[in-house]
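Residue numbers (my numbering): 1 to 247.
In what follows, a single structure is set out as structure tokens and then discussed.
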Amino acid sequence: MSDGFEIAVYFQSSWAILSTIGIGNVLFGLTVVGITDLSPVSLIPIITSASGAVANGLCYYYNFGRYPIANSAAASAVADVLWMVQEAGISFYSYAILVRILRSRDRMVFITTFWFLIVTIFALRMAILVFRVKVIFTSDSDLRTTINELHIGYFASIALVECLSAFFLIRKFTKAEKISREASLKSTLFQHLMRSTEIRLATLAIIGITRAVVYFFQPSVQNSTTLTSQIDHFFYTLECLFPMMIL
């Protein structure tokens, strides 16, 4: 009877809604792949959505479930890895496009900077993982301040990755549009690509910047009822919906 109650509570929580969004994105992505062709670009939104779906379920598990501490710590660690896949992985959509269209010096600068930021994101997320596990085992609330500070650097790095991709993509489209005008060709396609790229990447950059700022004002002991956590939850929900824009 208690198990049924736990399931009912879960599906009335925001974590279940976020997981369901991820599952829906995965199913929609598989439908698109079935209609078109399987490619690395089409796999990115599917993988990131699946990661987010599992991570949010695990978050509910270790935050609200009554389970052994070791189980909660393991769930927290796996969730942190999957959140990194979801939040940083979406940047590889632009990466997959740019490595094909950039040449010589631009390509080298982009790849070097991109991977430097990805390594930075990985290091920060692993630090968050370690400190979060320590909090579960020791209940040391002072570590939560450190976790918030690490999140600021983490989300700022994600925003920088998106700004980097936006810069190279928009510059490439601008050059292509200029060439098409000089050749008296219609530039409607390039205008569409530029606008969609600007909106798509600006959205991700705004999400990253906003979440970094929000974590700056988070209290040391996070509470889902605070204004800052609600704002963060809202922008994370937008991030979960984002893969639908690129399917």
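Glycine included, every Cβ here is placed at the ideal spot set by N, Cα and C.
Would you tell me roughly how many angstroms separate the C-alpha atoms of Lys-134 and Leu-164, rounded to the nearest one? Residue 134 sits at position 134 when you count from the first residue of the sequence shown. Residue 164 sits at position 164 when you count from the first residue of the sequence shown. Answer to the nearest angstrom: the Cα atoms are 34 Å apart.
So, does the stretch 73 to 89 touch the stretch 119 to 135, judging by three or more C-beta pairs under 8 Å? yes
Between which two residues does the alpha helix (DSSP H) containing Arg-100 stretch? As a working note, residue 100 is residue 100 in the sequence shown. Boundaries of the alpha helix (DSSP H) around Arg-100: 92 to 101.
From Ala-96, Leu-102, Val-119, pick the residue whose C-alpha is nearest to that of Phe-173; which is it? As a working note, residue 173 is residue 173 in the sequence shown. Comparing Cα-Cα distances from Phe-173 to each of Ala-96, Leu-102, Val-119, the minimum goes to Leu-102.
For the stretch 23 to 35 against the stretch 81 to 97, do three or more pairs of beta-carbon atoms, one drawn from each stretch, fall closer than 8 Å, so that the two count as touching? no
Could you pull the start and end residues of the alpha helix (DSSP H) that Asp-232 belongs to? As a working note, residue 232 is residue 232 in the sequence shown. Element bounds for Asp-232: 227 to 241.
Which whole-angstrom value is the C-beta distance of Asn-25 and Pro-40, which I expect to be below 8 Å? In the sequence shown, the residue the question calls residue 25 occupies position 25. In the sequence shown, the residue the question calls residue 40 occupies position 40. Rounded to whole angstroms, the Cβ separation of Asn-25 and Pro-40 is 17 Å, and the two are not in contact under 8 Å.
Using alpha carbons as the reference points, say which of Arg-66, Ile-21, Thr-112, His-151 lies closest to Asp-232. Here residue 232 is taken as the residue at index 232 of the sequence shown, counted from 1. That would be His-151, whose Cα lies nearest to the Cα of Asp-232.
Any idea if Trp-115 is buried or exposed, counting beta-carbon neighbours within 10 angstroms, 16 or more meaning buried? Locating residue 115 in the sequence shown gives position 115, where the first residue counts as 1. Under this definition Trp-115 is an exposed residue.
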